[in-house]
Structures are given as C-alpha cells and as structure tokens.
Amino acid sequence: MGLSEKKVDVDIDGDGVPDLKISLKEIIIVVGGIISLVMTYTTLKNDIESNKKEIEIAKTLPPKESHSLIDQKILFLEQHIETEGKRLDKIEDKIYKR
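Following our numbering from start to finish, the sequence shown increments by one per residue and tops out at 99.
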C-alpha cells in the first residue's frame with residue numbers, strides 16, 4: 002500500500018465515527034481542480050477586460066467598407082475613365098482635325 006493509497010479518516014461532527022475517508026491522491030486531484038478553475042477564471046476575466054478595451058477603440062474607428070462596395074466603386078471609376086477617355090479622343094480629333 003503506497004502513500005497515495007493510504008486513507009485518512011475525517012470526523013466532521015465530532016462523534017468519534019469517521020464521516021469521510023480521503024486519500025492523498027484525492028486531495029491532490031481536488032486541489033489541482035481548484036487551482037485549474039481559479040486560473041481559468043482569471044484568464045477569462047483578463048480576456049474580457051482586454052476585449053472591452055479593444056471594443057472601445059474599435060468604436061472610435063471609422064467603419065470598414067465591404068469588398069462588394071469597393072468592387073462597385075472600382076467598376077464605376079473604370080467606366081468613368083473609359084467615358085472620359087472617349088471624350089478626350091473626340092476633343093483631340095477636333096483639335097488636330099483628324
């Protein structure tokens with residue numbers, strides 16, 4: 002029987018009869034679980050605070066435009082340039098009497 006298998010009798014109500022039998026292995030598991038929960042809680046709390054700060058910063062930034070809106074603007078500008086190019090060709094033809 003190893004150290005981790007040895008049971009400790011715990012008398013909670015003081016009547017002389019053991020109410021709990023706890024091994025060292027169980028105590029280590031419980032303490033490890035509590036430490037894990039505390040670490041997870043603090044990490045999540047820090048992440049939440051960090052996200053709140055990033056959200057406040059993002060609120061002050063201008064909204065991003067979607068790709069479809071940018072594509073529409075590019076198409077409009079390409080058509081506008083083509084139209085102006087044709088108009089410029091007509092003006093050059095009149096100037097140089099082609």
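Glycine included, each C-beta is placed from N, C-alpha and C at the ideal position.
Using alpha carbons as the reference points, say which of TYR42, VAL9, MET40, THR44 lies closest to GLU27.
-> Checked all of TYR42, VAL9, MET40, THR44; the closest Cα to GLU27 is VAL9.
Under a three-way DSSP split, which group does SER69 fall into?
-> helix
Segments assigned alpha helix (DSSP H), at least 4 residues, entirely inside the segment 10–83 = 25–61
List the whole-angstrom C-beta distance separating LEU21 from ILE30, where the pair is believed to meet the contact cut-off of C-beta under 8 Å.
-> Not a contact, Cβ separation roughly 15 Å.
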